[in-house]
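Participant:
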Amino acid sequence: VQLQASGGGLVPPGGSLRLSCAVSGIIIQSWTVGWYRQAPGKQREFVARITSGTNPDYPDAVADSVKGRFTVSRDNRANTVYLQMNSLTYEDTAVYYCYVYWARRDYWGQGSQVTVSS
368 VQLQASGGGL VPPGGSLRLS CAVSGIIIQS WTVGWYRQAP GKQREFVARI TSGTNPDYPD
428 AVADSVKGRF TVSRDNRANT VYLQMNSLTY EDTAVYYCYV YWARRDYWGQ GSQVTVSS
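In structure tokens, the structure reads:
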């Protein structure tokens, strides 16, 4: 299983970026997919997830710190996960990691650097 993230880069405050995560080796339709991030000197933190929709006890979720600004989405036919990031702030600077999870198995991408700077 491989997850290839892309779309990171340098963006000014208030700008937008869209991260993509192309998944190979599995079909993501039944998997939860999402993103974490790790800022310099900080622990990895949850950003957002989107589930397969089959378990009402495990819903989609978005971290409070990005709610209303970030949107996670999935294209099951393309086997790809997206993270649309709007109104970026300096605090969003981090390495962003995509992941997939199902039945106690998880796989991670290599990380994509997002730097918010003027």
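In my numbering, the protein residues as written are 368 to 485.
Positions of the beta carbon are idealized from the N, C-alpha and C atoms, including for glycine.
Between 381, 384, 378, 388, which has its C-alpha nearest residue 478's C-alpha?
Facilitator: 388
Participant: So, for residue 383: in the same chain, excluding its five sequence neighbours on each side, which residues have a beta-carbon less than 8 Å away from its beta-carbon?
Facilitator: 451, 452, 453, 454, 455
Participant: What does the alpha-carbon distance come out to for the pair residue 415 and residue 392?
Facilitator: 22 Å
Participant: Can you list, in chain order, the residues of its chain whose CB lies under 6 Å from that of residue 444, leaving out five sequence neighbours each side?
Facilitator: none
Participant: Using alpha carbons as the reference points, say which of 476, 406, 424 lies closest to residue 448.
Facilitator: 476
Participant: In the region 389-416, which residue ranges form an unbroken beta strand (DSSP E) of at least 3 residues, counting only runs that do not cross its ends?
Facilitator: 399-405
Participant: Does the separation of the CB atoms of residue 386 and residue 481 fall below 9 Å?
Facilitator: Yes, the pair counts as a contact, with Cβ atoms nearer than the cut-off.
Participant: Kindly indicate which residue of 470, 460, 379, 469 has the alpha-carbon position closest to the one of residue 432.
Facilitator: 460
Participant: Going by CA-CA distance only, name the one from 399, 372, 380 that's closest to residue 471.
Facilitator: 399
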